[in-house]
Amino acid sequence: MPQIPSAADFHQVDNSIARRRSIMAFAGKPVPQDLLKDLFDAAKTAPSAFNEQPWRFVYAL
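Next up, the structure:
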């Protein structure tokens, strides 16, 4: 039987959403290509509606 989330679980998610940040300044340092590959590989495993997996990744070096 699936576990029903508790009020504490909801509170934790609610706090995480409320504290999110939008970064407006960047360091300008290059990101290593192997790290970019790892990040894109991880992003491909994200869930999608109806398992459509509409992933398209575009990056410029």
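By the count of this note's numbering, the sequence shown reaches residue 46 at its end, each step adding exactly one. Positions of the beta carbon are idealized from the N, C-alpha and C atoms, including for glycine.
As assigned by DSSP and simplified to three states, the class of residue i
i: V43; result: coil
Nearest to residue i (by Cα), restricted to the options the options
i: A27; options: S(-9), W40, N36, A45; result: W40
i: Y44; options: D(-6), L21, Q38; result: L21
Nearest-angstrom beta carbon gap, residue j and residue i [assumed within contact, 8 Å]
i: F42; j: F25; result: 5 Å
Item to complete: For the stretch -10 to 36, list the alpha helix (DSSP H) runs that are entirely contained and at least 4 residues long, ordered along the chain.
Response: -8 to 3, 18 to 28
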